[in-house]
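For the sequence shown, the numbering used here assigns the number 211 to the last residue and increments by one with no breaks.
A short write-up of the structure that comes next.
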Amino acid sequence: MTQHEKKHGKLFVISAPSGGGKTSLTNCVIAKLSSSIPLEKVATYTSRSPRFNEKNGKDYYFVSRTDFMKKIEDGFFLETTEYNGEFYGSPASIITDLKKGKSLILVADWDGAKKILSLIDNPVLIWIVPPSLDALKERIEMRGTEKPEQIEARIKLAKVELMHERVSKIFNYWVFNDNFERATQEIISIIQKELA
């Protein structure tokens, strides 16, 4: 197979409302697939501060708001969104990596996934559905990183995102995260099927 015949990589986008488990599920899926499928997680950029268990360069690249704005000006990002007063962005290098045949997994909010759908050919969009808004609220509270008013703002946004997806159905797959192990296995099955 020549370089020109090399198979184009596939982009998997995992989305959920805040507290829906998208990051935990993605990390678990990558760990379980690491020996059988070469799948790289895209580290996205954010202007927010890291939570206690997050590592710079693994979960996100944490940058100042000024640096984030500079990267926008420089055309560094494929897409950016503002979520709950903070900025998030996916690097434009995704396109180059896909052309090189790399398959990638990206964590994004509903808005980010919608933008990617218009920028990249045939991404596989996986929507993580929480068991309930109460369960979401509980998960966010357990993180212990947000004030009550921030939690309320996240729940309000979650309601909007869930409504958007119910109406527009932009995602290829819906995975119910009422059981973490089962949801992980379902995502793994989707990835294996799509890459077969």
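Note that beta-carbon positions come from the ideal geometry of N, C-alpha and C, so glycine has one too.
Output yes or no for whether 8 Å exceeds the beta carbon distance between A173 and P32.
Yes. Within cutoff.
When burial is assigned at 16 or more other CB atoms within 10 Å of the CB, is S118 buried or exposed?
Classification for S118: buried.
Okay, do the segment 83–101 and the segment 179–194 touch, 3+ Cβ pairs below 8 Å being the bar?
The answer is no - the segment 179–194 does not touch the segment 83–101, with fewer than three Cβ pairs under 8 Å.
Rounded to the nearest angstrom, what separates R197 and S49 at their Cα positions?
Straight-line Cα distance between these residues: approximately 18 Å.
Would DSSP call I29 helix, strand or coil?
In the structure shown, the three-state DSSP call for I29 is strand.
What residue range does the beta strand (DSSP E) around E94 cover?
The continuous beta strand (DSSP E) containing E94 extends over residues 92–98.
How far does the beta strand (DSSP E) with T199 in it extend, from its first residue to its last?
Note, T199: premise wrong, no beta strand (DSSP E); alpha helix (DSSP H) at 195–210.
Just the C-alpha distance for K73 and A58, rounded to the nearest angstrom, thanks.
When rounded, the distance between both Cα atoms is 6 Å.
DSSP three-state call for F186: helix, strand or coil?
Residue state, collapsed to three classes: coil.
Return the residue from the list S105, G116, V190 that minimises the CA-CA distance to P146.
Of the candidates S105, G116, V190, the one whose C-alpha sits nearest the C-alpha of P146 is V190.
DSSP state of N42, grouped into three classes?
Under the three-state reduction of DSSP output, N42 falls in the helix class.
Distance CB(L140)-CB(L93) smaller than 8 Å
Not a contact, by the Cβ cut-off of 8 Å.
Rounded C-alpha distance that separates R63 from T96
Taking C-alpha positions only, R63 is separated from T96 by approximately 12 Å.
Tell me the DSSP secondary structure of F67 in three-state form.
It is coil, neither helix nor strand.
Rounded to the nearest angstrom, what separates A150 and V78 at their Cα positions?
Going by the C-alpha atoms only, they are around 30 Å apart.
In terms of residue numbering, what span does the beta strand (DSSP E) encompassing K85 cover?
Run containing K85: none in the beta strand (DSSP E); it sits in the alpha helix (DSSP H), 80–88.
Once DSSP output is grouped into helix, strand and coil, what is the label at P53?
Three-state DSSP puts P53 in coil, outside helix and strand.
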